[in-house]
Structure formats: C-alpha cells, structure tokens
Amino acid sequence: MTTATPLLPPADWRDFLALTKPRVMTLVVFTGLCGMLAAPVQIAPVLGFTAILCIALGAGAAGALNQWYEADIDAVMKRTAGRPLPAGRMDRQSALHFGVGLSAFSVILMGLAVNLAAAAILTVSILFYVLVYTVWLKRRTPQNIVIGGAAGAFPPLIGWAAATGEVALLPVLLFSLVFLWTPPHFWALALFVKTDYANAGVPMLPVVAGEKATRRQIGLYTVPMAIVAVAPWPLGLTGAIYGVTALATTAVFAILAALVAAGRTTPTMAREKQLFSYSILYLFVIFGALVADRWWA
8 MTTATPLLPP ADWRDFLALT KPRVMTLVVF TGLCGMLAAP VQIAPVLGFT AILCIALGAG
68 AAGALNQWYE ADIDAVMKRT AGRPLPAGRM DRQSALHFGV GLSAFSVILM GLAVNLAAAA
128 ILTVSILFYV LVYTVWLKRR TPQNIVIGGA AGAFPPLIGW AAATGEVALL PVLLFSLVFL
188 WTPPHFWALA LFVKTDYANA GVPMLPVVAG EKATRRQIGL YTVPMAIVAV APWPLGLTGA
248 IYGVTALATT AVFAILAALV AAGRTTPTMA REKQLFSYSI LYLFVIFGAL VADRWWA
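Written as structure tokens, this is what we have:
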C-alpha cells in the first residue's frame with residue numbers, strides 16, 4: 008500500500024519574493040546604481056531604470072536558484088530554515104522554473120533595452136553565482152566565499168557598462184573593492200554562526216581551519232581591501248568627497264577587523280557582529296560618497 012504524497016499549499020507572492028533574497032538584493036542594486044551614476048555618461052532615465060530593474064531581477068534569479076540548489080542545507084541551518092523551500096511552502100520545481108525564467112528575462116531585457124555589454128556582464132554574474140559559487144565551490148572548499156565573492160562584485164561593472172557600453176578602471180576598482188570586502192564580511196558572520204555551517208556540512212573557514220585562522224584571514228584581507236578602497240582618489244579618478252570618506256570609513260573598518268583578528272571567542276561575539284553590521288553600512292556609505300563626489304564635487 009502506497010502513501011500519497013501530501014500536496015503543498017500554493018506559494019504566494021511573499022514566498023517568491025523571499026526566494027530573491029531581498030535584503031541581499033538591496034546592496035546589489037545600490038552598488039549597481041552607484042556604478043551607473045558615477046559613469047561619465049548620463050544614461051536616459053527610462054534606460055537607467057530598466058538597467059537597475061534588470062540588475063535586481065538578475066540578482067533575485069540567482070538567489071532563487073541558490074535556494075533551489077541548497078534546500079537541503081537551508082533545512083538544517085537555523086537562520087535559513089524558515090525559507091520557502093525548507094519550510095515546505097513551495098516545491099523545488101517551482102523555485103527552479105522561477106529562477107531560470109527570471110534569469111532569462113533579466114538578461115534579454117538588458118540586452119534589448121540597454122546594451123549588450125551590460126547584458127553580457129549580467130549573464131556572467133548570474134552564472135558565476137549559481138554554477139561557480141553555489142554548485143561548485145560552496146560544499147567543496149573553505150575558499151568558497153573568496154572566489155565566489157566575485158559574483159556579488161559585478162553590479163558596479165554592470166551599472167557602469169549600462170551607461171557607457173564599456174568598462175573602465177574605476178568600475179574595475181569598485182569590483183575589486185567588493186571582491187576583497189566579501190571575505191572579511193562573510194567570515195565575520197561565519198564566526199558567530201559556525202555551528203549552523205558545521206551542522207550543514209558546509210566547509211566555511213571557521214569550521215575547517217578554526218576560529219584563530221579565520222580571524223587572521225579577516226585581518227589579512229582587510230589590508231588590500233583598504234588599499235583598493237582609497238586608490239581611486241590618488242589615481243585621480245575621484246575627488247576629495249570620495250577620498251576623505253573612503254579614508255575615514257575604511258579606517259573604522261580596519262580597526263574593527265583588527266579587533267576581531269586579535270580577539271578571542273566570547274559568548275556574545277560582540278566584536279564579530281559589530282564588524283559584520285558595520286561592513287554592510289560601509290559599502291552603502293562609500294558607494295554613496297562616490298556618487299556625491301561625481302555629482303556635487
């Protein structure tokens with residue numbers, strides 16, 4: 008005698024929105040918008056809106072495909088167990104179709120409405136996040152976030168390319184900044200959710216190399232990140248508004264990272280949480296200063 012598989016209730020719009028990881032998307036959209044506004048060419052408002060919409064849809068698509076592939080991991084981690092798939096509010100096939108459809112739509116719309124350069128970089132960013140980071144690296148190596156972090160660094164390049172149709176040194180530096188920012192940002196998080204990653208079998212650095220090594224790596228990665236963050240000013244690519252803001256905010260980041268690097272594990276993990284929270288604010292402020300420098304300097 009076979010037992011019928013219970014049918015899942017239909018997912019509503021909130022579940023599909025949750026698939027797109029809206030909190031992560033906010034930072035992605037913001038850095039993409041700043042890359043576009045910092046470009047030397049002003050894009051038509053309608054085309055600019057379309058480009059940002061495509062960046063948002065592409066990021067949401069990548070998030071949906073990530074959750075489709077990692078539903079088993081999400082189910083055993085406290086901070087992700089409430090997502091639509093592990094919580095049983097949606098079936099995996101719906102998430103897959105949604106992610107693939109949204110990916111295709113975002114790239115096609117970008118190519119037809121904006122330009123092929125921006126569409127090509129958007130395609131690479133989606134494929135990199137899904138195939139390189141999620142499928143290949145995430146479960147195999149503690150360097151997952153180092154290499155995979157490039158996926159989240161593409162938006163400034165996409166925004167710049169949407170406005171200009173090409174890539175230049177400044178957006179490459181912005182890409183490098185986000186790329187180098189990602190390891191200390193995520194390793195700070197990994198230090199205080201280490202048990203979650205261990206239970207899920209994800210080889211994050213604190214799980215496989217220990218907390219001391221992770222703290223040391225946070226300190227080491229902060230050094231080149233700080234150099235890249237300030238570099239646009241002495242290179243003459245930005246003015247004093249960006250330069251002074253970059254110096255001040257990066258100094259605070261470096262101090263917090265140094266405290267984590269030199270610290271020890273405490274029950275509250277206050278310093279690690281402080282670095283993680285500040286790292287998000289840091290990107291918003293430094294990219295905002297870039298736009299202010301471009302428009303009001």
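Each residue of the sequence shown is one higher than the last, beginning at 8 in our numbering. Where is the CB? At the ideal position from N, CA and C, for every residue including glycine. On a predicted model such as this, the values are computed, not experimentally measured, just so you know.
(request) Measure the CB-CB distance between S183 and F161 and report whether it falls below 8 Å. (result) Here the question's residue 183 lines up with position 176 in the sequence shown. Here the question's residue 161 lines up with position 154 in the sequence shown. No, the Cβ-Cβ distance between S183 and F161 is not below 8 Å.
(message) If you measure between the beta carbons of G70 and L26, is that distance less than 8 Å?
(response) Position 63 of the sequence shown, counted from the start, is the residue given in the question as residue 70. Position 19 of the sequence shown, counted from the start, is the residue given in the question as residue 26. Taking the C-beta atoms as reference points, L26 is found nearer than 8 Å to G70.
(request) Using beta-carbon positions only, say whether I248 and A299 come within less than 8 Å of one another. (result) Here the question's residue 248 lines up with position 241 in the sequence shown. Here the question's residue 299 lines up with position 292 in the sequence shown. In this structure, A299 lies closer than 8 Å to I248 by Cβ.
(message) Measuring straight from C-alpha to C-alpha, what distance separates V31 and L242?
(response) Indexing the sequence shown from 1 puts residue 31 at position 24. Indexing the sequence shown from 1 puts residue 242 at position 235. Taking the straight line joining both Cα atoms gives about 31 Å.
(message) For I62, count the other beta carbons within 10 Å of its own beta carbon; 16 or more makes it buried, fewer makes it exposed. Which is it?
(response) As a first step, residue 62 must be located in the sequence shown, where it is residue number 55. Buried: at least 16 other Cβ atoms inside 10 Å.
(request) Go through its chain and collect everything with a Cβ distance to M211's Cβ below 7 Å, but skip five positions before and after it. (result) Taking the first residue of the sequence shown as position 1, residue 211 is located at position 204. Within the same chain, M211 has close Cβ partners P149, A197, Y204.
(request) Taking I225 and W194 to be in contact with their CB atoms under 8 Å, please state how far apart those CB atoms are, rounded to whole angstroms. (result) For the purposes of this step, residue 225 is taken as residue 218 along the sequence shown, with counting starting at 1. For the purposes of this step, residue 194 is taken as residue 187 along the sequence shown, with counting starting at 1. Between W194 and I225 the Cβ distance is about 5 Å, and since that is below 8 Å, they are a contact.
(request) Verify whether the separation of the beta carbon atoms of L54 and V121 is less than 8 Å. (result) Here residue 54 refers to the residue found at position 47 when the sequence shown is read from its first residue. Here residue 121 refers to the residue found at position 114 when the sequence shown is read from its first residue. Yes, they are a contact pair.
(request) Grab the span of the alpha helix (DSSP H) containing W194 for me, first residue to last. (result) Working through the sequence shown from its first residue, we reach residue 194 at position 187. Run containing W194: 176–199, per the alpha helix (DSSP H) assignment.
(request) Go ahead and label G108 buried or exposed: buried means 16 or more other beta carbons lie within 10 angstroms of its beta carbon, across all protein chains shown. (result) The count along the sequence shown starts at 1 and reaches residue 108 at position 101. With fewer than 16 Cβ atoms within 10 Å of its Cβ, G108 is classed as exposed.
(message) For A102, which residues in the same chain have their Cβ closer than 7 Å to its Cβ, ignoring the five residues on either side in sequence?
(response) The residue you call residue 102 lines up with position 95 of the sequence shown. Only L26, A71, Q74, W75, L92 meet the Cβ criterion.
(request) Please look up how many angstroms separate the CB atoms of T256 and A233, rounded, as I've assumed it's under 8 Å. (result) Taking the sequence shown and counting its residues from 1, the one referred to as residue 256 is at position 249. Taking the sequence shown and counting its residues from 1, the one referred to as residue 233 is at position 226. Contact between T256 and A233 is absent: CB atoms are separated by about 10 Å, not below the 8 Å threshold.
(request) Please name the residue in R301, T272, R278 whose C-alpha comes closest to that of L244. (result) The residue labelled residue 244 in the question sits at position 237 within the sequence shown. Closest option to L244, Cα to Cα, is R301.
(request) Under the assumption that G246 contacts W167 (Cβ atoms under 8 Å), give the Cβ distance between them as a whole number of angstroms. (result) Taking the sequence shown and counting its residues from 1, one reaches residue 246 at position 239. Taking the sequence shown and counting its residues from 1, one reaches residue 167 at position 160. Between G246 and W167 a beta carbon distance of about 18 Å is seen, past the 8 Å cut, so the two are scored as non-contacting.
(request) Report buried or exposed for P239, applying the criterion of at least 16 other Cβ atoms within 10 angstroms of its Cβ. (result) Counting from 1 along the sequence shown, the entry for residue 239 is found at position 232. When all chains shown are included, P239 counts as buried.
(message) Assuming contact is defined by CB atoms lying nearer than 8 Å, are Y140 and G155 in contact in what I supplied?
(response) Counted from its first residue, the sequence shown places residue 140 at position 133. Counted from its first residue, the sequence shown places residue 155 at position 148. Going by C-beta atoms, Y140 is nearer than 8 Å to G155.
(message) Let me make sure I understand the geometry here. Which of A18, F23, V36, A46 has the alpha-carbon closest to that of V179?
(response) As a working note, residue 179 is residue 172 in the sequence shown. It is A46 whose Cα lies nearest to the Cα of V179.
(request) Along the alpha helix (DSSP H) that carries Y249, what are the first and last residues, could you check? (result) For the purposes of this step, residue 249 is identified with residue 242 of the sequence shown, where counting begins at 1. 247–269 is the span of the alpha helix (DSSP H), which, as asked, contains Y249.
(request) Determine the extent of the alpha helix (DSSP H) in which A238 is found, giving its start and end residues. (result) Taking the first residue of the sequence shown as position 1, residue 238 is located at position 231. A238 -> no alpha helix (DSSP H), and no H or E assigned at all.
(message) Do E218 and T272 count as a contact pair if the criterion is CB distance below 8 Å?
(response) Counting from 1 along the sequence shown, the entry for residue 272 is found at position 265. Counting from 1 along the sequence shown, the entry for residue 218 is found at position 211. Contact: yes.
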